[in-house]
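**Student:** Residue numbers for the sequence shown follow my numbering, beginning at -3 and rising by one.
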Amino acid sequence: MWIFLALLVVPLIEIGLFIEVGDAIGTWPTIGLVVLTAIVGTYLLRAQGVAALLDLQSRIRDGRDPTTTLAHGAMILVAGVVLLTPGFFTDAIGFALLVPPVRAWLMHVIGQRVTIVQAGGKRRSGAAPDLDGGGHHGAPRARDMTIDGEFVDLDPDRGPEEQQDGSADAGPGADTPRRRS
């Protein structure tokens, strides 16, 4: 229902704004203004998109929660879509989404209406994403977790066939991988 209303109302608003702005400044300046906002919007979108991508890579590399950065990136993507859509109303929405405090406020509003389900079935309702990027809402961070595993010591002097089937180790336990202590 909301999508239908948006698809009906937004074009009507845009048509009205085109008529009003066109009457005020003329047809060609109106078209020029629409093109100019698309160019400026594309530049700002590119700069913020690259910054969000670098922040995301840094958070993943450091084992920090990337949720907020992903949410900002999604909003930057939406901003890009509406900025490239010709119109003054959509440009206003797009430029607003490129302002970080507006995105943080919007994430807070949306976060209050969302129930987050974590692995293991834990539920948190009314939880906004981590706006300052510092916390992790009780979920273990990657560097705080211990991962149990096994490995095979690859000896450069043995061929791949010997390492895989253990034929070079003829003795008890030859079929199990060697472990380092």
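C-beta: ideal position from N, C-alpha, C; glycine also.
Which class does residue 105 belong to by DSSP, given the choice of helix, strand or coil?
**Tutor:** Here residue 105 sits in helix by DSSP.
**Student:** I need the straight-line Cα distance from residue 23 to residue 30, nearest angstrom please.
**Tutor:** 11 Å
**Student:** With DSSP run on the structure shown, which of helix, strand or coil describes residue 113?
**Tutor:** strand
**Student:** Could you name each continuous alpha helix (DSSP H) segment of 4 residues or more that falls completely within the stretch 26 to 91, going from the start of the chain to the end?
**Tutor:** 63 to 80
**Student:** Quick check on DSSP: helix, strand or coil for residue 153?
**Tutor:** DSSP places residue 153 outside both helix and strand once states are collapsed to three, so it counts as coil.
**Student:** Mind checking residue 144: buried by the 16 CB within 10 Å criterion, or exposed?
**Tutor:** exposed
**Student:** I'd like to check one pair, residue 83 with residue 10: are the Cβ atoms closer than 8 Å?
**Tutor:** Yes. Within cutoff.
**Student:** Measure the CB-CB distance between residue 41 and residue 79 and report whether it falls below 8 Å.
**Tutor:** At the C-beta level, residue 41 and residue 79 come within 8 Å of one another.
**Student:** So, with DSSP's three-state summary, where would you put residue 133?
**Tutor:** Low confidence applies here, because residue 133 scores a pLDDT of 48, under 50, leaving its location unreliable; read the following figure in that light. Correct three-state label for residue 133: coil.
**Student:** Report yes if the CB atom of residue 85 is closer than 8 Å to the CB atom of residue 13, and no otherwise.
**Tutor:** yes
**Student:** As a quick exercise: from 3, 72, 8, pick the residue whose alpha carbon is nearest that of residue 46.
**Tutor:** In terms of CA proximity to residue 46, 72 leads the group 3, 72, 8.
**Student:** What residue from 51, 58, 59, 57 has the CA that sits closest to residue 65's CA?
**Tutor:** 51
**Student:** Taking the C-alpha atoms as reference points, what is the distance between residue -2 and residue 20?
**Tutor:** 32 Å
**Student:** For residue 87, which residues in the same chain have their Cβ closer than 7 Å to its Cβ, ignoring the five residues on either side in sequence?
**Tutor:** Cβ within range, chain order: 33, 37, 79.
**Student:** Tell me the DSSP secondary structure of residue 142 in three-state form.
**Tutor:** coil
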